[in-house]
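First up is the structure itself, then whatever we jot down about it.
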Amino acid sequence: MSSSLRGFWPALPALVLLFFFFLFPVVRMLGFSLEGGSLDWYAKALGEGLYLRVFWNTFEIALLVTLFCLVLGYPLGFLMATTTPLWATLGFIFVLLPLWTSVLVRTYAWMVLLGRNGVFNRTLIDAGIISDPLPLLHNFTGVLIGMVHVLLPYMVLPVYGAVRRLDPAIVAAAEGLGASNWRIFWRIYLPLTLNGIFAGAVIVFVLSLGFFITPALLGGGRVIMIAVLIEQQVRETLNWPFAAALSAVLLVVTFAVYALAQRFTRTEPAT
Amino acid sequence: MSRRVLVVACGLIYLFLMLPLLVVFPISLSSAPYMQFPPPGFSWQWYERYLDDPQWIDATWRSLYIGVSTAILALVLGVPLAFSLVRAKFLGRAFVERLALAPIIVPTIILSVAVYGIFAKLKLIGAWYGLVVAHTVLALPFVVLVMVAGLRDFDRALEQAAEGLGASRWHTLTRITLPLLRPSLVSAGLLAFISSFDEVVVALFLAGANMTLPKKMFDNILMEIDPTIAAVSVMQILLVSLVLVLIGRFGRGLSGSAR
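Taken in order, these protein sequences are the chains called Z and V.
Using my numbering, the first residue of the first sequence is number 1, and each one after it goes up by one.
Using my numbering, the first residue of the second sequence is number 272, and each one after it goes up by one.
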């Protein structure tokens, strides 16, 4: 065990920054939750129906977002990994451009699309399919659509990586032996890309748990997720101890999901 | 047959991904006095309104120089950190690596609230350099990920050759190592810039009255759906596309860095 510090010094300036502006502030804030040496604020966060409901909402949305991302992201990653390089490049552009476009721009666009007088409702009404606008915005549906859109690329990229790593010889062998496309998918692609699916699902789920902008704007104050609640407690009620307790719970859940995920995927380095 | 179904399904999913980006273009060029789709006619009015409003221009400049400063600071701190992580063995290396990557795992709202608490004490709310520091914490993981990947692929025989020929360590670093790492440096710097330029949650807490572009957009979206936002959005999309093209042209593979 070489305990030499020789190569350590270049890391020091970054560590100083991380200590003073990341580690210390977070620990200090979490400390507020234990104000007066009691667990009262945790009891409030996890005991009162109102706040329990927020946790449950957050969990439910995160789970649904993950599910939708999986259903939409797998075919996309799969197609990109198995098509010609030219189409794959085009596919990448279509996935990366939204990924790197500001979440605000995308959220704004969804408001334009989903609003009462938005593009969808106008089109449907003009086509005579519906007579009253559908409630798509400032509710659960709106938040779900917006979040799936923001997080979908995080599912597509790991799936793409997993399918690419798969040895084409296995698929060729199955084809040579007369397996149908569906059979090849169920017996070869799906089991051998489970790691990629899992990696993508974990990233999407964890990012969903702490999501703020999309629920704040598309939820219209009616869909309260945990991050929105924390913001309200700090900026409106100035209730730091309670915000700290909520943050601590969110942080513990986040780390727990990651730790659990790492146990399952230890054999494979993250993509 | 089933392949065709897959292609059609993916076409629809691509449409879902691109639709929000596509819809803002026509709206930004609308001649209507309010949000209307499809637009009744063509005009540059929303772009003019953006360019004529000192608040928007102010916010844009502020976001640009905060983004550039963040990219510089994140590179200055992150590149040596990546060197340490890849090339040195020291006690607690695994901990240092986790700490450096933690800001992308810890929910941004927690980081924002925590730093807000400290900055309020230090009277740093509203200071542009305060935002640079906070954004650097968020950008550091991107720089570390890209640079670590670049350094792992680096052929150290080239450095040994230079030193064997009598080059000093400094010379080797500035003439051999860093130039060869340029693609990674470009990607890391541009990613750090975008991560700051787009960042809204931290800015919401720390920017105070000195609006950054995302914070101004957030406030405007909350208050009203004004097509000026569409014009700003289009410029944002174009800027990010430009940066992506730059990364593709001069940087190191995107798929790796975007995780």
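Beta carbons: idealized from backbone N, C-alpha and C, even for Gly.
This structure is a prediction, so every number in the text was calculated from the model and none was measured.
1) Are V:THR379 and Z:PHE212 closer than 8 angstroms when you measure CB to CB?
2) Just by C-beta distance, which residues in the stretch 400-429 of chain V are closer than 7 angstroms to chain Z?
3) With 8 angstroms as the threshold, decide whether the Cβ of Z:ASN181 is near any Cβ in chain V.
4) Taking only beta carbons into account, state which residues of the stretch 112-131 of chain Z come closer than 8 angstroms to chain V, listed in chain order.
5) If you draw a straight line from the alpha carbon of V:GLY479 to that of V:ARG275, how long is it in whole angstroms?
6) Beta-carbon separation of V:ARG523 and V:PRO454 under 8 angstroms?
7) Tell me, please, whether the CB atom of V:PRO374 is closer than 8 angstroms to any CB atom in chain Z?
8) Let me check understanding here. Comparing Cα to Cα, which of V:LEU477, V:ALA371 and V:PRO485 lies closest to V:ALA501?
9) Between which two residues does the alpha helix (DSSP H) containing Z:GLY73 stretch?
10) Could you say which of V:PRO498, V:LEU452, V:LEU517 and V:ILE492 lies nearest to V:LEU461 if we only look at CA atoms?
11) Measuring alpha carbon to alpha carbon, tell me which residue in V:VAL514, V:LYS394 and V:SER458 is nearest V:VAL350.
12) Between V:ARG358 and chain Z, is the shortest Cβ-Cβ distance under 8 angstroms, so that the two count as touching?
13) What's the call for V:LYS360, buried or exposed, on a 16-neighbour Cβ count within 10 Å?
14) What's the C-alpha gap between Z:ILE151 and Z:GLY220?
15) Shorter than 8 angstroms from the beta carbon of Z:LEU100 to some beta carbon of chain V?
16) Can a CB atom of chain V be found closer than 8 angstroms to the CB of Z:ARG165?
17) So with Cβ pairs under 8 angstroms, would you call V:LEU517 a contact of chain Z?
18) If you reduce the DSSP assignment to three classes, tell me which class V:PHE313 lands in.
19) Can you give the beta carbon distance from V:SER355 to Z:PRO10, rounded, assuming they're within the 8 angstroms contact cut?
20) Taking 8 angstroms as the CB-CB cut-off, is V:ILE284 touching chain Z?
21) If contacts are defined as beta-carbon pairs under 8 angstroms, then V:PRO291 and Z:TRP110 qualify, I think. What distance do you get, rounded to the angstrom?
22) Using the Cα positions of Z:LEU79 and Z:ALA173, report the straight-line distance between them to the nearest angstrom.
23) Helix, strand or coil: which one does DSSP assign to V:ILE508?
24) When the Cα atoms are used, what is the spatial distance from Z:THR214 to Z:MET147?
25) Determine which residues of the stretch 302-315 of chain V have a Cβ less than 7 angstroms from any Cβ of chain Z, and write them out in chain order.
26) Between which residues of its own chain and Z:ILE188 is the CB-CB distance below 7 angstroms, once the five residues before and five after are set aside?
27) I'd like to know whether the C-beta atoms of V:ALA371 and Z:LEU17 end up nearer to each other than 8 angstroms.
28) Taking just the CA atoms, how far does Z:ALA256 sit from V:ALA398?
29) Considering only the beta carbon of each residue, do V:SER214 and V:PHE425 sit closer than 8 angstroms?
30) Run down chain V in chain order and give the residues with a C-beta less than 8 angstroms from the C-beta of Z:GLY200.
31) Between the stretch 247-261 of chain Z and chain V, which residues of the former have CB atoms less than 7 angstroms from a CB of the latter, in chain order?
32) From the beta carbon of V:ALA371, is the nearest beta carbon of chain C less than 8 angstroms away?
33) State the DSSP-derived secondary structure class of Z:PRO269, mapped to helix, strand or coil.
34) Compute the Euclidean distance between the alpha carbons of Z:PHE68 and Z:LEU5, then round it to the nearest angstrom.
35) State the start and end residues of the unbroken alpha helix (DSSP H) segment that holds V:ARG333.
36) Indicate whether the contact test is met: 3 or more Cβ pairs, each with one atom in the stretch 13-32 of chain Z and one in the stretch 243-251 of chain Z, closer than 8 angstroms.
Looking at the atomic coordinates:
1) As a working mapping, residue 379 of chain V is identified with position 108 in the second sequence. As a working mapping, residue 212 of chain Z is identified with position 212 in the first sequence. In this structure, Z:PHE212 lies closer than 8 angstroms to V:THR379 by Cβ.
2) VAL404, ALA405, THR407, VAL408 and LEU411
3) The residue given as residue 181 of chain Z occupies position 181 in the first sequence. Chain V contact via Cβ: present.
4) VAL112, LEU113, GLY115, ASN117, GLY118, VAL119 and ARG122
5) Stepping through the second sequence from its first residue, residue 479 of chain V is reached at position 208. Stepping through the second sequence from its first residue, residue 275 of chain V is reached at position 4. Going from the Cα of V:GLY479 to the Cα of V:ARG275 covers about 53 angstroms.
6) By one-based count along the second sequence, residue 523 of chain V stands at place 252. By one-based count along the second sequence, residue 454 of chain V stands at place 183. Their beta carbons are under 8 angstroms apart, which means V:ARG523 touches V:PRO454 by this criterion.
7) If you number the second sequence from 1, residue 374 of chain V lands on position 103. With 8 angstroms as the cut-off, V:PRO374 counts as an interface residue toward chain Z.
8) Position 230 of the second sequence, counting from 1, holds the residue named residue 501 of chain V. Nearest in C-alpha terms to V:ALA501, of all of V:LEU477, V:ALA371 and V:PRO485, is V:PRO485.
9) Counting from 1 along the first sequence, the entry for residue 73 of chain Z is found at position 73. It spans 49-82 - the alpha helix (DSSP H) in which Z:GLY73 sits, taken as one unbroken run.
10) Mapped onto the second sequence, residue 461 of chain V falls at position 190. With distances taken between Cα atoms, V:LEU461 lies closest to V:LEU517.
11) Residue 350 of chain V sits at position 79 when you count from the first residue of the second sequence. Per the Cα distances, V:SER458.
12) Within the second sequence, residue 358 of chain V is the residue found at index 87, counting from 1. So yes, V:ARG358 belongs to the interface.
13) What you label residue 360 of chain V is simply residue 89 of the second sequence in a count that begins at 1. It counts as exposed.
14) The residue given as residue 151 of chain Z occupies position 151 in the first sequence. The residue given as residue 220 of chain Z occupies position 220 in the first sequence. Just to set this straight, residue 151 of chain Z is Leu in the shown sequence, not Ile. Rounded to whole angstroms, Z:LEU151 to Z:GLY220 spans 20 angstroms at the Cα level.
15) Taking the first sequence and counting its residues from 1, the one referred to as residue 100 of chain Z is at position 100. One point to set straight first is that residue 100 of chain Z is Trp, not Leu, in the sequence displayed. Closer than 8 angstroms: yes.
16) The residue you call residue 165 of chain Z lines up with position 165 of the first sequence. No, Z:ARG165 lies away from the interface with chain V (no Cβ there is under 8 angstroms from its Cβ).
17) One-based indexing of the second sequence puts residue 517 of chain V at position 246. For V:LEU517, the answer is no, since every Cβ of chain Z falls outside 8 angstroms of its Cβ.
18) Reading the second sequence from its first residue, position 42 is the one you call residue 313 of chain V. It is a strand residue.
19) Locating residue 355 of chain V in the second sequence gives position 84, counting from the first residue. Locating residue 10 of chain Z in the first sequence gives position 10, counting from the first residue. At roughly 5 angstroms, the Cβ-Cβ gap stays under 8 angstroms, so V:SER355 and Z:PRO10 are in contact.
20) On the second sequence, residue 284 of chain V is found 13 positions in, with the first residue counted as 1. Chain Z, which has a Cβ nearer than 8 angstroms to the Cβ of V:ILE284, makes this yes.
21) One-based indexing of the second sequence puts residue 291 of chain V at position 20. One-based indexing of the first sequence puts residue 110 of chain Z at position 110. Between Z:TRP110 and V:PRO291 the Cβ distance is about 6 angstroms, and since that is below 8 angstroms, they are a contact.
22) If you number the first sequence from 1, residue 79 of chain Z lands on position 79. If you number the first sequence from 1, residue 173 of chain Z lands on position 173. Distance between the alpha carbons of Z:LEU79 and Z:ALA173 is about 20 angstroms.
23) Taking the first residue of the second sequence as 1, we reach residue 508 of chain V at position 237. Of the three classes helix, strand and coil, the one that applies to V:ILE508 here is helix, per DSSP.
24) Counting from 1 along the first sequence, the entry for residue 214 of chain Z is found at position 214. Counting from 1 along the first sequence, the entry for residue 147 of chain Z is found at position 147. If you take the alpha carbons of Z:THR214 and Z:MET147, they lie about 6 angstroms apart.
25) MET306 and PHE308
26) Residue mapping note: residue 188 of chain Z aligns to position 188 of the first sequence, counting from 1. Only ILE170, VAL171 and ALA174 meet the Cβ criterion.
27) To locate residue 371 of chain V, count along the second sequence from 1; it is residue 100. To locate residue 17 of chain Z, count along the first sequence from 1; it is residue 17. In this structure, Z:LEU17 does not lie closer than 8 angstroms to V:ALA371 by Cβ.
28) Translated into positions along the second sequence, residue 398 of chain V becomes position 127. Translated into positions along the first sequence, residue 256 of chain Z becomes position 256. When rounded, the distance between both Cα atoms is 35 angstroms.
29) Chain V is shown only over 272 to 530; residue 214 of chain V falls outside these bounds and no answer can be derived.
30) Numbered from its first residue, the first sequence carries residue 200 of chain Z at position 200. The contacting residues do not exist; Z:GLY200 stays about 10 angstroms from chain V at best.
31) SER247, LEU250, LEU251, THR254 and TYR258
32) Protein chains in the displayed structure are Z and V, and chain C is not among them.
33) Locating residue 269 of chain Z in the first sequence gives position 269, counting from the first residue. Residue placement at Z:PRO269 cannot be trusted, given a pLDDT of 47 that sits under 50; the coordinates are not used to answer.
34) In the first sequence, counting from the first residue as 1, residue 68 of chain Z sits at position 68. In the first sequence, counting from the first residue as 1, residue 5 of chain Z sits at position 5. Z:PHE68 and Z:LEU5: Cα-Cα distance of roughly 48 angstroms.
35) Against the second sequence, residue 333 of chain V aligns to sequence position 62. Here the alpha helix (DSSP H) through V:ARG333 covers 325-358.
36) yes
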